[in-house]
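Right, one structure below, let's go through it.
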Amino acid sequence: MNRARTAMALVKGGDPTSKGVLQELMRSSKKKVRMATFDLVARLNSRTMLALMQSSIENVENPIAAEACTTAISLGNAGFRARLLDLRADEEAAK
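According to numbering that gives the first Met the number 0, the residues represented by the sequence shown are 0 to 94, in order.
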């Protein structure tokens, strides 16, 4: 997860090579890593990430594909993204 956070910070700072790291983490064999990476990508709010998400959207595991689709929609629709991030913040606060 530290690797994903670091890559996200580098992408925010303008380093396009770190997008490859995020793409790699979206393909990880660990479900928790993939789901957390999708959350970070949604927070990143960079439409350029859409092109890197196709294989995740087509994943045979329904929860992974659904989370990838949710992330893709959040990158394309600012209102949806705001509601999604609010919902996730509420869920975190409830823990």
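Ideal Cβ placement from N, Cα and C applies to all residues, glycine included.
None of the values given here were measured: they were computed from a predicted structure.
Taking 4 residues as the shortest admissible run, the stretch 16-83 contains the following complete alpha helix (DSSP H) segments, listed from N- to C-terminal end: 17-25, 30-43, 53-56, 61-75. Between the alpha carbons of Gly12 and Ala88 lies a distance of about 24 angstroms.
If you draw a straight line from the Cα of Phe37 to the Cα of Asn1, it comes to about 14 angstroms. Here Ala35 is near Ala3, since their CB atoms are less than 8 angstroms apart.
For Leu84 against Arg42, the beta-carbon gap comes to about 7 angstroms, under 8 angstroms, which counts as contact.
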